[in-house]
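Participant:
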Amino acid sequence: DDLMQPKCKGGVGFRDFRIFNQALLARQAWRLISKPDSLCAQILKARYYPDGNLVDTVFTGNASSSWQAISYGLELLKKGLIWRVGNGRSIRVWRDNWIPRPYSYKPISARGRCRYHFVSDLLNDNGSWKTGLLQQYFVPVDVYEILKIRASPRLEEDTLAWGPGKFGLFSVKSAYQFGFEEAIRDSATGSNSRPEGRRDCWKLIWSADVPPSVRNFAWRAATESLPTWNNKHKRGLEVNDLCPVCSVETEDSFHALCRCTLSCVLYDVMSEVWPLPNLSSFQTSGHEWLLQVLSKLQDIERSMLLMTLWKAWHIRNKIVHNKAPPPMEVSRRFLTSYLDSLIGIKSNLVA
């Protein structure tokens, strides 16, 4: 699940193919609504929803596999459809989606003793809202959102639109994002947890001017998903969780990159040629430590730090796999020439 989170929320941005497949099928259902006069829509309408109401029809199980697939996409589509108010005669006040806002398209007010069933009952003859009725039967937050809706003064027909999409138009991209956010909310509700919101600090990793392999390494370090001895011990792959290089303390990403004697030596060597932050200023704060350090640096300093930590992990792996690590001077020359070449390539592209 972490891998499927957007990069701005600490994930890698991989697609959830179940939701993506449902979004593709939702596009077929949308075409039946947006193009009701097409031959395909007319044939399916005659067979499965002869009353013409695709959204409210209850479908039986004895349908073709093609229609079952469209019905699966329709489940997602229904959640994001919203009525655009015209005359209000087709919109049921308490059942349909018609209030455009991020968290709920339906009224959050309790129905109570309200005897009005359609939005048309809440409109004057000129298309303006009956403010007194709204204040009588709806909570203030609903009234505020409803009054922002500009109903048609000519009382045109109500139309269905795609709420998450730009200008009310459906797209597979917006449907996937909508379905993924729905799945996250459902899982958070079931586990009594709250999904993390967008965090700009993750951009510090994904926008860094370093090779993709270094950015991927930085993400794994920031999410505590490097194959450290601590992580392997938790999975029963190692007898203990002590650092395999220095054997001083538990090896998590912070120790491997900032506290191990090998990493400290490399860091001191690189600090002689690069303006790296003081290693002793790094604070152990779970997997947040790297994000906190990066947030205080300039772009070039961020690149230098990530390259240094990446090389420290590379040297650590050589020792773990019983290979001779390169001398520190060789590592210093490699990193400086590597970063200089990257800066030169970027300068040529800009020029």
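In UniProt numbering, the protein residues as written are 1 to 351.
Ideal placement from N, C-alpha and C gives every residue a C-beta, glycine not left out.
#1: DSSP three-state call for residue 18: helix, strand or coil?
#2: Name the one or two DSSP bridge partners that residue 161 has.
#3: Just list the residues that DSSP pairs residue 118 with in beta bridges.
#4: How would you call residue 229, buried or exposed, if buried means at least 16 neighbouring beta carbons within 10 angstroms?
#5: Could you check what DSSP says for residue 67 in three-state terms: helix, strand or coil?
#6: Would DSSP call residue 254 helix, strand or coil?
#7: In chain order, what residues of the same chain have a beta carbon less than 8 Å from the beta carbon of residue 262, not counting five sequence neighbours either side?
#8: Mark residue 192 as exposed unless 16 or more other C-beta atoms lie within 10 angstroms of its C-beta, in which case mark it buried.
#9: Is there contact between the stretch 145-156 and the stretch 55-73, where contact requires at least three CB pairs shorter than 8 Å?
#10: Answer with buried or exposed for residue 94, where buried requires no fewer than 16 other C-beta atoms within 10 angstroms of its C-beta.
#11: Mapping DSSP to helix, strand and coil, what is residue 349?
#12: Determine the burial state of residue 5: buried for a count of at least 16 other Cβ atoms within 10 Å of its Cβ, exposed for fewer.
#13: Can you list, in chain order, the residues of its chain with a C-beta nearer than 7 Å to that of residue 303? Leave out the 5 residues immediately preceding and following it.
#14: Closer than 7 Å by C-beta to residue 264: which residues in its own chain qualify, once you throw out the five before and the five after it? Chain order, please.
#15: Which residues bound the alpha helix (DSSP H) around residue 314?
#16: Please report the straight-line C-alpha distance between residue 16 and residue 233, rounded to a whole angstrom.
#17: Please tell me whether residue 307 and residue 269 are closer than 7 Å, where the distance is taken between their beta carbons.
#18: Rounded to whole angstroms, what's the CA-CA distance from residue 124 to residue 41? Just pull it up for me.
Facilitator: Taking the geometry as given:
#1: By 1-based counting over the sequence shown, the position of residue 18 is 18. Note: residue 18 maps to helix in three-state DSSP.
#2: Looking up residue 161 in the sequence shown gives position 161. 82, per the DSSP bridge assignment.
#3: Mapped onto the sequence shown, residue 118 falls at position 118. Residue 118 pairs with 92.
#4: For the purposes of this step, residue 229 is identified with residue 229 of the sequence shown, where counting begins at 1. Under the 10 Å beta carbon count, residue 229 is surrounded by 16 or more other beta carbons and is classified as buried.
#5: Counting from 1 along the sequence shown, the entry for residue 67 is found at position 67. In the structure shown, residue 67 sits in a helix (DSSP, three-state: H, G or I).
#6: As a first step, residue 254 must be located in the sequence shown, where it is residue number 254. Residue state, collapsed to three classes: helix.
#7: Against the sequence shown, residue 262 aligns to sequence position 262. Excluding sequence neighbours, residue 262 sits near 245, 246, 312, 315, 316, 319, 325.
#8: Along the sequence shown, one-based indexing puts residue 192 at 192. For residue 192, the pLDDT reaches just 35, beneath the cut-off of 50, and the residue's location in the model is therefore unreliable, leaving the point undetermined.
#9: no
#10: Position 94 of the sequence shown, counted from the first residue, corresponds to residue 94. Its Cβ having fewer than 16 others within 10 Å, residue 94 is exposed.
#11: Taking the sequence shown and counting its residues from 1, the one referred to as residue 349 is at position 349. Residue state, collapsed to three classes: helix.
#12: Translated into positions along the sequence shown, residue 5 becomes position 5. Label assigned to residue 5: buried.
#13: By one-based count along the sequence shown, residue 303 stands at place 303. The residues are 208, 209, 210, 339.
#14: Start at 1 with the first residue of the sequence shown, and residue 264 comes out as number 264. Answer for residue 264: 279, listed in chain order.
#15: Here the question's residue 314 lines up with position 314 in the sequence shown. Segment 299-320, the alpha helix (DSSP H) holding residue 314.
#16: For the purposes of this step, residue 16 is identified with residue 16 of the sequence shown, where counting begins at 1. For the purposes of this step, residue 233 is identified with residue 233 of the sequence shown, where counting begins at 1. If you take the alpha carbons of residue 16 and residue 233, they lie about 29 Å apart.
#17: On the sequence shown, position 307 is the one that residue 307 refers to. On the sequence shown, position 269 is the one that residue 269 refers to. Against a cut-off of 7 Å, the Cβ pair of residue 269 and residue 307 comes out as no contact.
#18: Along the sequence shown, read from residue 1 onward, the residue named residue 124 stands at position 124. Along the sequence shown, read from residue 1 onward, the residue named residue 41 stands at position 41. Distance between the alpha carbons of residue 124 and residue 41 is about 35 Å.
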